[in-house]
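The sequence shown maps to residues 68 to 328 in my numbering.
Heads up, the beta-carbon is just placed ideally off N, CA and C, and yes, glycines get one too.
Note that the structure is a prediction, hence the values are computed from the model and not measured.
Take a look at the structure set out below.
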Amino acid sequence: MAWWLGQAGFAIRYHDELLLIDPYLSDVLADKYRGRVFPHARLHPSPVNPSDIRGLGLVLCTHGHTDHMDLGSIPYLQSSSDPLFIVPRSESVKGVSRGIPASRLLGLDTGEIFASGGVTVTAVPAAHEQISLDEHGQNLFLGYVIDIGGVRLYHSGDCTPFDGQEELIRSLDVDVALLPVNGRDAHRMGNGVPGNFELDEAVALCRSAGVPALVCHHWGLFEFNSADPADLRERLGEVTDLDWRVPELGVPFALERSAAA
């Protein structure tokens with residue numbers, strides 16, 4: 068079972084396993100960017116208080132941007148459940164600075180695998196408009212392929228198409244892709260906000276990589292960096308060769324091998 072938490076965030080539960088991906092459950096960016104070109108005021112409240120989450124075993128952060136590695140949520144998640152946090156190794160220092168205990172932080176880079184209990188996580192590269200590396204050659208932006216409950220998920224993180232992506236995802240035999248579809252443009256990029264897949268690119272990746280199901284996200288939280296869910300659903304209504312979902316905030320949905328619903 069899965070829940071969309073807004074932006075790129077998801078909660079996934081299978082039996083006793085509960086994991087979060089990119090939870091942004093605070094409003095710290097509203098303060099940081101107040102009065103700037105792009106105010107980051109939330110368009111909806113968080114669907115859950117991070118301090119109310121119990122039994123959390125794993126938190127995956129795809130990169131260091133605050134809406135994916137949230138200093139306003141991490142201390143509460145840590146104190147309520149003491150989960151393990153997986154972050155890009157390139158952003159380990161940032162993770163600790165945002166409240167992750169060093170003893171509960173695991174840094175991964177592309178191709179590395181974590182496995183525990185019924186969950187396996189494989190780190191893959193992500194291009195947040197481009198592949199970016201630190202001074203040690205480690206990726207700043209990651210996606211994760213997650214095996215849980217007999218289903219293989221691909222959460223791309225913030226991502227646009229990059230060379231070799233289709234072949235990589237095809238080789239990993241993904242069942243459901245969780246992809247950001249808020250698009251990109253020169254205005255946002257010129258003001259420090261790199262973008263993500265256009266909807267057509269997300270659909271094309273699923274088709275070319277043999278992924279039968281698509282869940283769209285990264286819309287609806289910030290006015291300047293969103294997509295219209297009604298438009299997404301209308302356009303996806305013409306896509307008959309994929310199972311697709313434009314999720315509703317906090318509403319549970321099933322993750323299955325052959326469908327996103």
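Distance CB(residue i)-CB(residue j) smaller than 7 Å
i      : j      : result
LEU316 : GLY162 : no
PHE229 : ALA194 : yes
PRO119 : TYR91  : Per the sequence shown, the amino acid found at residue 119 is Asp instead of Pro. Their beta carbons are not under 7 Å apart, which means ASP119 does not touch TYR91 by this criterion.
PHE291 : PHE105 : yes
VAL313 : CYS273 : no
VAL186 : ILE215 : yes
SER157 : ASP201 : yes
LEU144 : PRO117 : yes
GLY122 : LEU96  : no
PRO142 : GLY174 : no
Local Cβ density within 10 Å of residue i, reported as buried at 16 or more and exposed below that
i      : result
ARG251 : buried
ARG101 : exposed
ASN249 : buried
GLN232 : buried
THR307 : exposed
PRO150 : buried
PRO112 : exposed
ALA169 : exposed
SER93  : buried
ARG324 : exposed
GLY131 : buried
LEU89  : It is Asp, not Leu, that sits at residue 89 in the sequence shown. The residue is buried, with at least 16 neighbouring Cβ atoms inside 10 Å.
6 Å CB neighbourhood of residue i in its chain, flanking five on each side removed
i      : result
LEU322 : ALA69, VAL218 and VAL243
PRO261 : HIS195 and GLU196
ILE213 : VAL188 and LEU220
ARG80  : MET68
ALA326 : With a pLDDT of 47 at ALA326, under the threshold of 50, the predicted position of this residue should be treated as unreliable, though the coordinate-derived value follows. ALA280 and ASP310.
C-alpha distance - residue i paired with residue j, whole-angstrom precision
i      : j      : result
ASP137 : HIS82  : 26 Å
PHE181 : ALA108 : 35 Å
ALA280 : ASP310 : 5 Å
PRO296 : LEU303 : 10 Å
ASP98  : PHE289 : 13 Å
VAL318 : HIS203 : 41 Å
ALA269 : GLN197 : 16 Å
LEU220 : ALA78  : 13 Å
SER293 : GLY287 : 5 Å
LEU299 : SER140 : 29 Å
SER183 : LEU245 : 22 Å
GLY259 : GLY277 : 33 Å
PHE320 : LEU87  : 15 Å
ALA271 : TRP71  : 23 Å
SER199 : ASP267 : 24 Å
SER238 : GLU301 : 31 Å
Neighbourhood of residue i by C-beta, 7 Å cutoff - its chain only, sequence neighbours within 5 removed
i      : result
LEU172 : PHE152, VAL154, SER159, GLY162 and VAL163
GLY178 : ALA190
HIS285 : GLN74, ALA75, PRO247, VAL248, ASN249 and ASN263
LEU235 : VAL191
GLU305 : none
SER275 : GLU233
Cut-off 8 Å between Cβ atoms - residues of its own chain near residue i, not counting five sequence neighbours on either side
i      : result
LEU110 : GLY287, LEU288, PHE289, GLU290 and SER293
Taking three-plus beta-carbon pairs below 8 Å as touching, is the region 254-264 in contact with the region 112-127? no
With three or more C-beta pairs closer than 8 Å as the rule, is the region 221-241 touching the region 201-209? yes
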